[in-house]
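By full-length UniProt numbering, the letter at position 102 of the sequence shown is numbered 102, and the numbering carries on one by one without gaps. Ideal Cβ placement from N, Cα and C applies to all residues, glycine included.
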Amino acid sequence: MNFTYCKHWADKTLRVRVFILLLAASVLLCGCISNILTGASLIYERHSIYKSLSDFQLSANASRALYHDEVFKCRQCAIDLAVFNGDILLAGHVPSAKLRQEAQKRIAALQGYRRLFNQLAIRRTDPNYIQDSWITAKIRAQILADARINPKKFKVITADRIVYLMGDVIPLQATLVIDIARQCVGVKRVVKLLRYYNLSNHAIT
Numbered sequence: 001m002n003f004t005y006c007k008h009w010a011d012k013t014l015r016v017r018v019f020i021l022l023l024a025a026s027v028l029l030c031g032c033i034s035n036i037l038t039g040a041s042l043i044y045e046r047h048s049i050y051k052s053l054s055d056f057q058l059s060a061n062a063s064r065a066l067y068h069d070e071v072f073k074c075r076q077c078a079i080d081l082a083v084f085n086g087d088i089l090l091a092g093h094v095p096s097a098k099l100r101q102e103a104q105k106r107i108a109a110l111q112g113y114r115r116l117f118n119q120l121a122i123r124r125t126d127p128n129y130i131q132d133s134w135i136t137a138k139i140r141a142q143i144l145a146d147a148r149i150n151p152k153k154f155k156v157i158t159a160d161r162i163v164y165l166m167g168d169v170i171p172l173q174a175t176l177v178i179d180i181a182r183q184c185v186g187v188k189r190v191v192k193l194l195r196y197y198n199l200s201n202h203a204i205t
């Protein structure tokens with residue numbers, strides 16, 4: 001057998017083996033990275049689910065605190081209760097300062113919330129739920145349409161044409177959402193109840 005031919009065949013075989021080893025290593029590496037990413041995603045999802053369940057429980061407790069009797073069931077009591085990331089918002093209006101203080105007292109007595117925002121106005125008017133719901137729907141639709149914004153990070157509530165923005169967010173996305181809310185037709189005012197984070201997930205405010 002020709003020595004040159006044998007050497008060429010051996011070199012070719014070696015290259016094939018090296019290629020197979022590199023290919024196998026690449027597959028294993030991709031698998032490891034995939035597992036790492038899947039693990040990180042799973043941790044994030046568990047954290048999100050835990051927060052959602054905590055908010056749900058807190059919202060249920062707050063609703064019971066407000067409506068276990070007839071005090072806030074009057075026609076001119078229009079209270080929008082929202083819970084997001086442990087923050088509680090009371091928006092809308094009640095007919096007297098006494099009722100506003102009573103709402104504050106009942107919610108403040110709860111355990112497990114982070115911040116309480118009592119934005120209740122004192123006014124004797126009927127609520128316009130249809131108009132408020134339409135404003136919220138338009139703002140949410142624009143948030144969903146913007147790829148730069150993570151819609152899961154924001155909660156939008158509208159009461160008496162005043163838009164309340166809640167969430168733990170990065171400043172850039174917050175600016176985009178605030179602009180969307182301000183430019184929405186029918187909005188009287190935008191109230192920012194946001195907590196800001198930088199990209200390394202450290203709280204700014």
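Open item on the list: Is the separation between the beta-carbon of I139 and that of I180 shorter than 8 Å?
Closed with: Against a cut-off of 8 Å, the Cβ pair of I180 and I139 comes out as a contact.
TODO: For R64, name the three-state secondary structure that DSSP assigns.
DONE: Look at R64 here: in three-state DSSP terms it is helix.
Task: Outcome for D160 when other beta-carbon atoms lying within 10 angstroms are tallied against a minimum of 16 - done: Answer is buried; the Cβ neighbour count reaches 16.
Task: Three-state secondary structure (DSSP) of A109 - done: DSSP places A109 in coil when its eight states are reduced to three.
Open item on the list: So for T125, helix, strand or coil by DSSP?
Closed with: The answer is coil: DSSP assigns T125 none of H, G, I, E or B.
Task: F154 in three-state terms, based on DSSP - done: It is coil, neither helix nor strand.
Task: CB contact flag (L116, I107, <8 Å) - done: In this structure, L116 lies near I107, with their beta-carbon atoms less than 8 Å apart.
TODO: Report the partner residues of residue 206 according to the DSSP bridge assignment.
DONE: Here the chain covers residues 1 to 205 and nothing more, so residue 206 does not appear.
Task: Three-pair Cβ contact test at 8 Å for the stretch 76-91 versus the stretch 120-139 - done: With three or more CB-CB distances shorter than 8 Å, the stretch 76-91 counts as touching the stretch 120-139.
- [ ] For the beta strand (DSSP E) containing L120, list its first residue and its last residue.
- [x] That residue, L120, is in no beta strand (DSSP E); it is neither H nor E in DSSP.
Open item on the list: Less than 8 Å between the C-beta atoms of L176 and L193, yes or no?
Closed with: No, the Cβ-Cβ distance between L176 and L193 is not below 8 Å.
TODO: Take the Cβ of K105 as the centre, count every other Cβ of all protein chains shown within 10 Å, and call the residue buried at 16 or more, exposed below.
DONE: Exposed.
- [ ] Find the nearest neighbour of S63 within the set P95, V94 and L110, judged by alpha-carbon distance.
- [x] Taking the Cα of S63 as reference, the smallest distance to any Cα among P95, V94 and L110 is reached at L110.
Task: Neighbour-count burial assignment, K188, 16 or more Cβ in a 10 Å radius - done: It counts as exposed.
Open item on the list: Buried or exposed, going by whether 16 or more other CB atoms sit within 10 Å of the CB of I49?
Closed with: With fewer than 16 Cβ atoms within 10 Å of its Cβ, I49 is classed as exposed.
- [ ] Would you mind working out which of A103, L89 and I88 sits nearest P95, comparing C-alpha positions?
- [x] Of A103, L89 and I88, the residue nearest in Cα terms is A103.
Task: Distance, A147 Cα to residue 237 Cα - done: The structure shown does not extend to residue 237, since the chain is modelled only from 1 through 205, so no value can be given for it.
TODO: Over the uninterrupted beta strand (DSSP E) stretch that includes G92, give me the two end residues.
DONE: D87 to V94 is the extent of the beta strand (DSSP E) around G92.
- [ ] Kindly indicate which residue of A91, Q131, N118 and F154 has the alpha-carbon position closest to the one of C184.
- [x] That would be Q131, whose Cα lies nearest to the Cα of C184.
Open item on the list: Going by DSSP in three states, I143 sits in which element: helix, strand or coil?
Closed with: In the structure shown, I143 sits in a helix (DSSP, three-state: H, G or I).
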